[in-house]
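K.L.:
FYI, the working numbering numbers position 90 of the sequence shown as 94, with every residue one higher than the one before it. Here it is, the structure, as structure tokens.
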Amino acid sequence: MEHMFFKGGEKYPTAHDVTKTLDGIGGVFNAYTNYDRVAYYAKVAAEHRGIALDVMADMILHARVPDEEVERERDVVFEEMHMYEDTPARKIWEYAQQLQYGDHPLDRDILGTKQRLRAVTRSHPLPPRQELCSPAGLQPPSPRPSPPLPPGTTA
Numbered sequence: 005m006e007h008m009f010f011k012g013g014e015k016y017p018t019a020h021d022v023t024k025t026l027d028g029i030g031g032v033f034n035a036y037t038n039y040d041r042v043a044y045y046a047k048v049a050a051e052h053r054g055i056a057l058d059v060m061a062d063m064i065l066h067a068r069v070p071d072e073e074v075e076r077e078r079d080v081v082f083e084e085m086h087m088y089e090d091t092p093a094r095k096i097w098e099y100a101q102q103l104q105y106g107d108h109p110l111d112r113d114i115l116g117t118k119q120r121l122r123a124v125t126r127s128h129p130l131p132p133r134q135e136l137c138s139p140a141g142l143q144p145p146s147p148r149p150s151p152p153l154p155p156g157t158t159a
């Protein structure tokens with residue numbers, strides 16, 4: 005349900021405002037959930053990084069998620085669950101994860117369970133630990149000299 009954060013915040017109060025602002029600077033943005041993290045990203049030209057950070061920070065730290073959007077997103081996730089239940093390769097992956105991780109949290113399905121999904125409401129707290137990360141403080145990398153090629157090789 006990570007896409008709920010794209011619904012807006014205080015400075016960019018609607019999904020349209022978020023999209024219009026980031027699209028307006030040629031940005032590409034998205035989010036994903038993996039077993040050990042939820043990630044949000046925006047790719048923009050360096051001169052627009054401040055705008056992108058402003059939008060992303062606003063939508064994550066000051067999320068506006070109307071109740072009807074929670075219901076709509078819940079339905080989307082239920083459909084995703086049904087799709088995966090009908091995918092043999094996904095079931096094999098789940099069994100392999102169970103064998104590898106057992107009772108460890110990494111064994112938990114990324115989508116969660118239907119029971120937990122039914123219990124999600126707008127009032128659920130955000131995860132206790134949020135981090136805003138950026139590559140190298142958003143400074144362009146310093147050019148590094150290429151290592152010499154081994155004798156007898158060509159570029």
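Where a beta carbon is used, it is the ideal one built from N, C-alpha and C, also for glycine.
Quick one: grab the DSSP three-state call for Met63.
P.N.:
By one-based count along the sequence shown, residue 63 stands at place 59. The answer is helix: DSSP assigns Met63 an H, G or I state.
K.L.:
Hey, Leu26 and Val59: beta-carbon distance below 8 angstroms or not?
P.N.:
The residue given as residue 26 occupies position 22 in the sequence shown. The residue given as residue 59 occupies position 55 in the sequence shown. Closer than 8 angstroms, so yes.
K.L.:
Whose C-alpha, out of Asp111, Gly106 and Tyr45, is nearest the C-alpha of His7?
P.N.:
Locating residue 7 in the sequence shown gives position 3, counting from the first residue. Checking every option, the nearest Cα to that of His7 belongs to Tyr45.
K.L.:
Counting C-beta neighbours from all protein chains within 10 Å, is the total for Tyr105 16 or more, i.e. buried, or is it exposed?
P.N.:
What you label residue 105 is simply residue 101 of the sequence shown in a count that begins at 1. So Tyr105 ends up on the exposed side.
K.L.:
Quick one: what's got a C-beta closer than 6 angstroms to Tyr36's C-beta in the same chain, skipping five residues either side?
P.N.:
Walking along the sequence shown from the start, residue 36 turns up at place 32. Answer for Tyr36: Ala43, listed in chain order.
K.L.:
Could you give the distance in angstroms between the alpha-carbon of Glu51 and the alpha-carbon of Ile96?
P.N.:
Within the sequence shown, numbered from 1, the residue matching residue 51 stands at position 47. Within the sequence shown, numbered from 1, the residue matching residue 96 stands at position 92. Distance between the alpha carbons of Glu51 and Ile96 is about 45 angstroms.
K.L.:
On the CB-based measure, 16 or more other CB atoms within 10 Å of its CB, does Met87 come out buried or exposed?
P.N.:
Stepping through the sequence shown from its first residue, residue 87 is reached at position 83. Label assigned to Met87: exposed.
K.L.:
Could you please give me the residues that DSSP links to Val80 through a beta bridge?
P.N.:
Locating residue 80 in the sequence shown gives position 76, counting from the first residue. BP columns for Val80 are empty, so no partner.
K.L.:
My output table needs one value for Val32: the three-state DSSP class, helix, strand or coil.
P.N.:
Residue 32 sits at position 28 when you count from the first residue of the sequence shown. Of the three classes helix, strand and coil, the one that applies to Val32 here is strand, per DSSP.
K.L.:
For Lys15, which option in Arg78, Asp111 and Leu57 has the closest C-alpha, if you only look at C-alpha atoms?
P.N.:
Here residue 15 refers to the residue found at position 11 when the sequence shown is read from its first residue. Residue Leu57 is the option with its Cα nearest to Lys15.
K.L.:
So is Asp62 buried or exposed if we call it buried at 16+ other beta carbons inside 10 Å?
P.N.:
Translated into positions along the sequence shown, residue 62 becomes position 58. Asp62 should be labelled buried.
K.L.:
How long is the line joining the alpha carbons of Pro92 and Ile29, rounded to whole angstroms?
P.N.:
Start at 1 with the first residue of the sequence shown, and residue 92 comes out as number 88. Start at 1 with the first residue of the sequence shown, and residue 29 comes out as number 25. The alpha-carbon atoms of Pro92 and Ile29 are separated by roughly 41 angstroms.
K.L.:
Decide if Val22 is buried, meaning its Cβ has at least 16 other Cβ atoms within 10 Å, or exposed.
P.N.:
Position 18 of the sequence shown, counting from 1, holds the residue named residue 22. The residue in question, Val22, is buried, as its Cβ has 16 or more Cβ neighbours within 10 Å.
K.L.:
Where does Pro129 land, buried or exposed, given buried means 16+ other C-beta within 10 angstroms?
P.N.:
Taking the sequence shown and counting its residues from 1, one reaches residue 129 at position 125. Unreliable positioning characterises Pro129 in this predicted model, as indicated by a pLDDT of 48, which lies under 50. A coordinate reading is not provided.
K.L.:
Using a Cβ-Cβ cut-off of 6 angstroms (strictly less than) and excluding sequence neighbours within five positions of Leu110, which residues of its own chain qualify?
P.N.:
Taking the first residue of the sequence shown as 1, we reach residue 110 at position 106. So the qualifying residues of the chain are Tyr39.
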